[in-house]
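Enquirer: To start, I am sharing the structure in question, which I have written as structure tokens.
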Amino acid sequence: MQEKKMTGEVYYPSQEAIDNAHIKNWDELNQLATENYEGFWEERANELHWYKKWDRVLNDDDKPFFKWFEGGKTNIAYNCLDTHVKTYRKNKLALVWEGESGENRVFSYFALRREVRRFSNVLKSLGVKKGDRVTIYMGRVPEIVVAMLSCASVGAIHSVVYGGFSVEALNERLDDSHSKVLIVADGAYQRGKVIPLKEIADEALKRAASVEHVLVVKRTGQPVNMEIGRDMWLHELLNLPIANQPFEMEELDAEDPLFILYTSGTTGKPKAILHTHGGYMVGTYTTMKYVFDIKDEDRFWCTADPGWVTGHSYLVYGPLLNGATIFMYEGAPNFPYPNRWWSLIERWGINIFYTAPTALRGLMRFGDAWVNRHDLSSLRLLGSVGEPINPEAWKWFHKVIGKEKCPIMDTWWQTETGMFMITPMPSVPLKPGSGTRPFPGIIMDILDEEGNSVKPNEEGFLVIKNPWPAMVRTIFNDPNRLVEQYWTKYPGYYMTGDSARRDDDGYIWIIGRVDDVIKVSGYRLGTAEIESALVSHPAVAEAAAIGMPHEVKGNSIYAYVMLKQGVEKTEKLIDDLRQHVSHEVGPIAKPEKIEFMDSLPKTRSGKIMRRVLKAKELGVDPGNLSTLEE
Ligand code: WT7
């Protein structure tokens with residue numbers, strides 16, 4: 000590969016990196032996967048455990064509702080736990096955890112399976128069956144991993160709600176999923192403070208009729224309200240004889256749902272993206288193995304929260320499917336000091352470190368001295384995800400953290416894709432800011448409005464042209480939305496919602512979202528959620544939210560608010576409104592700036608023209624205004 004001269008700034012892999020990698024020759028693998036796409040994925044599936052093999056690798060009879068490994072019987076939790084317990088990995092560490100205040104817990108594969116079996120027995124004793132929805136709402140503690148795997152074990156569909164979300168967001172997700180059980184922690188530690196998760200849940204539960212049982216995980220020990228007949232302490236149930244009985248996992252169909260995960264889309268409420276046991280398992284297993292090049296001796300740390308898809312695919316499932324040791328840290332990166340993460344890497348001997356550009360930009364500001372106090376020589380591979388990484392942050396990551404010897408895997412993917420779609424591998428030349436090329440066999444393109452491929456270096460809409468195993472299967476409760484949102488603009492192609500360009504080497508550069516999704520610190524929020532939270536305040540008549548460039552967060556939220564008649568425009572009200580959004584959606588959705596307006600720019604059909612607000616704020620030309628109302 001090195002013989003071909005590439006354009007721009009290129010970082011070539013060392014011979015050592017190539018020699019050590021699972022995939023030494025990307026082009027060869029790509030050719031193999033392209034020539035026999037289904038065969039390629041079938042071979043990967045054959046590396047995993049199936050109670051019964053599939054009848055058909057890919058069923059595309061009912062596009063875009065694709066099916067993978069149809070007729071196959073498996074359970075992803077079996078592949079995460081039992082497969083390894085049956086080997087020399089039985090006593091290998093599966094999960095290493097450090098709490099924010101410094102305590103730690105470790106679980107071998109054997110111990111993790113034991114905990115999952117006990118938890119699964121508890122779920123079964125509460126009547127949780129295959130297909131039931133279970134919502135999980137807690138911080139980054141080992142119980143969240145155990146809870147997810149236990150749901151999978153009994154065939155229930157987990158719906159993890161990020162612990163940073165608040166009342167309205169939780170309520171909406173409980174309600175929409177018709178969850179039977181809620182698993183919640185009493186509280187979560189964040190920067191030395193306690194977030195009262197159970198209290199927030201109590202408020203959300205007032206309007207969630209489907210929830211029959213609430214399992215409470217004791218984490219902080221602060222007093223909580225326990226409603227008799229509904230709420231139970233998990234640790235009490237785990238000690239009952241029923242929890243410690245033998246447990247057999249459910250043998251599930253490849254296409255049985257594993258989880259739903261709510262994510263923000265173009266309009267309206269967040270949608271429940273549904274993933275299945277079979278294809279999702281094969282996709283996350285393979286990408287984890289090839290991209291993070293996972294080996295038995297590795298300790299892998301993904302800093303994401305399990306409340307987001309990164310936490311699902313590459314904190315829990317991908318690494319465990321590969322029998323790796325995962326590391327999980329409960330708290331904030333800069334608590335109590337800005338060296339916390341670097342100290343964790345040193346003390347726990349982390350080899351592979353996967354994080355988000357926003358975190359890097361935040362930590363960069365504190366200066367290199369905080370990093371240089373620590374021995375980071377255990378690191379061999381780095382990763383980035385969630386938003387475009389600016390070359391400055393990339394270079395800092397590469398030099399100051401990776402000491403110029405760790406390739407950076409800039410992985411582009413989405414909640415909907417389930418697995419990496421554009422990503423380097425350790426043996427591939429890198430360009431700071433580009434995720435390089437699509438994963439072998441995946442065909443992607445960049446199109447103009449009319450659906451023609453754009454020329455190299457021109458911007459357009461990023462689409463995916465062929466199905467892949469971990470793809471979203473449906474939107475729970477709303478299958479039509481899957482078709483409308485992703486498969487309608489360019490029939491036959493999956494529309495990502497991102498704009499991008501491709502350079503002369505075929506490397507893809509993501510520019511950003513082209514819809515009403517705002518990426519704040521890598522978190523995905525919809526303008527609609529922020530606006531509806533604002534409008535739910537008694538003083539507000541109408542609201543519009545936009546994303547504005549922000550040095551650390553990538554984007555921050557600006558909101559424009561029309562007050563109801565007679566309401567006074569005060570500084571205090573601005574403060575109240577920010578608090579209100581934080582209470583309804585969560586602190587991540589809190590607008591950076593709120594401005595009172597006498598009217599909002601709208602189209603004649605009444606749609607808010609957010610781009611006009613954004614252009615005004617940026618001081619640029621708002622473009623075509625022919626549809627503006629006045
Ligand atoms: C959106 C999906 C999938 C992991 C976390 C985000 C943006 C994600 C990258 C990257 C540039 C990226 C895109 C995408 N995005 N990774 N490496 N480079 N942009 O999942 O919350 O579903 O968000 O995140 O805009 O569409 P998500």
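Sequential numbering from 0 applies to the sequence shown in numbering that gives the first Met the number 0. Just so you know, even glycine gets a beta-carbon here, dropped at the ideal spot from N, CA and C. Here the structure is a predicted model, which is why all the values come from computation and not from measurement.
1) In the DSSP assignment, what residue or residues form a beta bridge with L260?
2) Name the one or two DSSP bridge partners that W49 has.
3) Below 7 Å, is the gap between the Cβ of I509 and the nearest heavy atom of ligand 1?
4) Measuring CB to CB, does I529 end up less than 8 Å from A588?
5) Could you check how far apart the C-beta atoms of L214 and I182 are, in whole angstroms? I think they sit under 8 Å.
6) Under DSSP, the beta strand (DSSP E) around M5 begins and ends at which residues?
7) Consider the C-beta atom of V159 and the heavy atoms of ligand 1; say whether any pair is separated by less than 7 Å.
8) Just to check, is the beta-carbon of Q189 closer than 7 Å to a non-hydrogen atom of ligand 1?
9) Can you tell me whether Y50 is buried or exposed, with buried defined as 16 or more other CB within 10 angstroms of its CB?
10) With DSSP run on the structure shown, which of helix, strand or coil describes D18?
11) Which residue comes first and which comes last in the beta strand (DSSP E) that contains P548?
12) Looking only at its chain, what residues have a beta carbon closer than 7 Å to the beta carbon of E628, apart from the 5 residues adjacent to it on each side?
13) Quick check for students: name the residue ranges of the alpha helix (DSSP H) that lie wholly in the stretch 369-414, counting only runs of 4 or more.
14) Classify D620: buried if its beta carbon has 16 or more other beta carbons within 10 angstroms, exposed otherwise.
15) Cβ of V308 within 7 Å of any heavy atom in ligand 1?
16) Can you tell me whether A184 is helix, strand or coil according to DSSP?
17) Give me the residue from V534, V145, K62 with the minimum Cα distance to V115.
18) Is Q14 buried or exposed, if buried means 16 or more other CB atoms sit within 10 Å of its CB?
19) Contact check, N35 vs E249 under 8 Å by CB: the rounded distance?
20) Could you tell me the distance, in whole angstroms, from the CA atom of S452 to the CA atom of T495?
21) What number of angstroms, rounded off, separates the C-alpha of L173 from the C-alpha of D515?
22) Ligand 1 and T283: does any heavy atom of the ligand fall closer than 7 Å to the residue's C-beta?
23) Using the rule of at least 16 other Cβ atoms within 10 Å of the residue's Cβ for burial, across every protein chain shown, is N623 buried or exposed?
24) Helix or strand or just coil, what does DSSP make of N479?
25) Y336: buried (16+ other C-beta within 10 angstroms of its C-beta) or exposed?
26) Quick one: using the 10 Å Cβ neighbour count with 16 as the cut-off for buried, is V315 buried or exposed?
27) Would you say the beta carbon of Q484 is closer than 7 Å to some non-hydrogen atom of ligand 1?
28) What is the DSSP secondary structure of R139, counted as helix, strand or coil?
29) Helix, strand or coil for E567 per DSSP?
30) In whole angstroms, what is the alpha-carbon distance linking K552 and Q564?
31) Quick one: which unbroken beta strand (DSSP E) runs of 3-plus residues sit fully inside the stretch 227-252? Chain order, please.
32) Does the distance from the CB of L260 to the CB of H311 come in under 8 Å?
33) How many Å lie between T283 and M418 at the Cα?
34) Just to check, is the beta-carbon of K268 closer than 7 Å to a non-hydrogen atom of ligand 1?
35) Using a threshold of 8 Å, state whether the C-beta atoms of S119 and S152 are closer than that.
36) Any heavy atom of ligand 1 inside 7 Å of the beta-carbon of P256?
Expert: Considering the structure as presented:
1) I272
2) None; W49 has no bridge partner.
3) yes
4) yes
5) 5 Å
6) First-last for M5: undefined, no H or E at that position.
7) no
8) no
9) exposed
10) helix
11) 539-549
12) K601, T602, R603
13) 390-395
14) exposed
15) yes
16) strand
17) V145
18) exposed
19) 32 Å between Cβ atoms; not a contact.
20) 15 Å
21) 24 Å
22) no
23) exposed
24) helix
25) exposed
26) buried
27) no
28) coil
29) coil
30) 35 Å
31) 230-232
32) yes
33) 5 Å
34) no
35) yes
36) no
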